[in-house]
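In the numbering used here, the protein residues as written are 65 to 309.
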């Protein structure tokens, strides 16, 4: 794509589109280092300020990363999840063209967390399954997930304790084994910073931005099946929502 200085499209956006197009066509690949700002300015016959604007937009879109004093590097694109549909991590990965996998940290019975007592409609001190997993896409850590599962819904939920949940889909188990129809989920999202432990598991710097996601999932008969708290890497994941008038 040539830069058209007479076009109503801003020049920086044309440069942005050109670089992004080269990545999508495979001319530039993950891990490649882009030319310096000065070299790009000469290539497109523009100012370094214009090049800097284009690179800033590529950083914002998660296409490249730029460290102070270093040239820009192409990074893997962010996974996009559609929040308008109720799906699990594994199913969503397949739709997005990724290979999902998990590393189980804990899979055990614990006292119900206070935040879930009212939703689960069980007494304080009731036992629930806590399934803590590191979630990966294409073998890259993307999220840490704590799923609290309401065994009061169906005693067969206890089978999860004996399953290899590094390879099994929780939502597939709900649907195919228990026969539950998932109806809806209530979610909240907020931006937080990574703790030392979370940063180590996700392979990121301490204090990096994470998306904290909390979800209560309900069956068709109105029972709350699970409460899930997840930390998603801000540099690898983004969410899409369609809002209708």
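C-beta atoms are modelled at their ideal positions from N, C-alpha and C, and glycine is treated no differently.
| Check | Outcome |
| --- | --- |
| Return the chain-ordered ranges of every beta strand (DSSP E) run that is complete within the stretch 212-286 and spans a minimum of 3 residues. | 246-257 and 273-283 |
| What is the residue span of the alpha helix (DSSP H) that residue 149 lies within? | Unbroken run through residue 149: none, as it is neither H nor E. |
| Taking Cβ positions, are residue 191 and residue 138 nearer each other than 8 Å? | no |
| I need the DSSP call for residue 123, collapsed to helix, strand or coil. | helix |
| From residue 82 to residue 95, what does the alpha carbon distance come to, in whole angstroms? | 18 Å |
| For residue 104, report the span of its alpha helix (DSSP H) as first-last. | 101-108 |
| With 16 as the cutoff for other CB atoms within 10 Å, does residue 248 come out buried or exposed? | exposed |
| Just to confirm, is the Cβ distance from residue 199 to residue 230 under 8 Å? | no |
| Give me, in chain order, the residues of the same chain whose beta-carbon lies closer than 6 Å to that of residue 242; leave out the 5 immediate sequence neighbours on both sides. | 218 and 220 |
| Going along the chain, which residues of its own chain have a beta-carbon closer than 6 Å to the beta-carbon of residue 266, five neighbours each way excluded? | 205 and 297 |
| Note the first and the last residue of the continuous alpha helix (DSSP H) segment covering residue 181. | 178-184 |
| In the structure shown, what three-state DSSP assignment does residue 297 receive? | strand |
| Assuming the contact rule is C-beta atoms closer than 8 Å, residue 184 and residue 176 should be a hit. Round their C-beta distance to whole Å, please. | 6 Å |
| Using 8 Å for Cβ pairs, my map puts residue 127 next to residue 75. What's the rounded Cβ distance? | Incorrect: roughly 18 Å between the Cβ atoms, too far for contact. |
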